[in-house]
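Comments concern the structure below.
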Amino acid sequence: MTSLSHRNLVQLLGVVFDWTSIYIVTEYMSKGSLVDYLRSRARLHVTKKDQINFATDTCAGMEYLESRQLVHRDLAARNVLISDENVTKVKYFLSFCDFGLAREKSFNLEGGKFPIKWTAPEALRHSKFSNKSDMWSSGILLWEIYSFGRVLYLRIPLGDLVKHVEKGYRMEAPEGCPSEILTLQV
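1 is the number of the first residue of the sequence shown in full-length UniProt numbering; add one for each residue after it.
As structure tokens, this is what we get:
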């Protein structure tokens, strides 16, 4: 995984194993996660241009992973980091921390845990992840960017969410979300 190198991926510098722990060394991302950044600065400091840059940077990183036939499986604003220069970068090795990896092409997960709110309905139903399920997560990420990190599906109990989404429920467009972005989300 250290052979992956792209401007919009957090660079993995090394992994150290000892008897009790795993240490992951990455490039330093001074501004933290995208979701924390959006929530703490909101509309006062995050411009429309910033939002577009966050979206395009993240898409560029995801496009690179897809070109390498890798499936992320957990794309969300919490897993996108921001550099000093306001460049957003995808943490592609984050699943490694959960004792998995960004997987090749597609991946079956039986009995595992994964973030329901960001996971495509077919991945939830069949426990199979692909670049298509990453695209679903990209749409959810766009919603996070344009809602300034609001909580997803706030009024739907987690246990009912899959049923609602499978029946076609979609979150309302965030206030001020450009129509061009909205068409990408749907």
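Note that beta-carbon positions come from the ideal geometry of N, C-alpha and C, so glycine has one too.
- Isoleucine 22 sits in a strand when the DSSP states are folded into three classes.
- Runs of the alpha helix (DSSP H) lying entirely within the region 2–61 and spanning at least 4 residues, in chain order: 34–45.
- Contact fails between the region 143–150 and the region 7–25, because fewer than three Cβ pairs, one in each stretch, are under 8 angstroms apart.
- DSSP places lysine 163 in the uninterrupted alpha helix (DSSP H) bounded by 158–166.
- Looking at the backbone, the Cα of leucine 142 and that of threonine 56 are separated by about 10 angstroms.
- Within the same chain, and ignoring the five residues on either side of leucine 182 in sequence, the residues whose Cβ sits closer than 6 angstroms to its Cβ are Ala173.
- Residue state for lysine 89 is assigned as strand, using DSSP reduced to three classes.
- Cα atoms of leucine 12 and valine 162: separation of roughly 34 angstroms, rounded to the nearest angstrom.
- Taking one beta carbon from each stretch, the region 37–50 and the region 126–139 have fewer than 3 pairs nearer than 8 angstroms; the two do not touch.
- Glycine 176 is classed as exposed because its beta carbon has fewer than 16 other beta carbons within 10 Å across all chains shown.
- Going by beta carbons, leucine 4 and leucine 65 fall inside the 9 angstroms limit.
- Looking at the DSSP output, valine 80 shares a beta bridge with Val90.
- Under the three-state reduction of DSSP output, leucine 141 falls in the helix class.
- Of all alpha-carbon atoms in Lys117, Val165, Glu166, the one lying nearest the alpha-carbon of arginine 150 is that of Lys117.
- In the displayed model, leucine 152 falls within coil according to three-state DSSP, outside both helix and strand.
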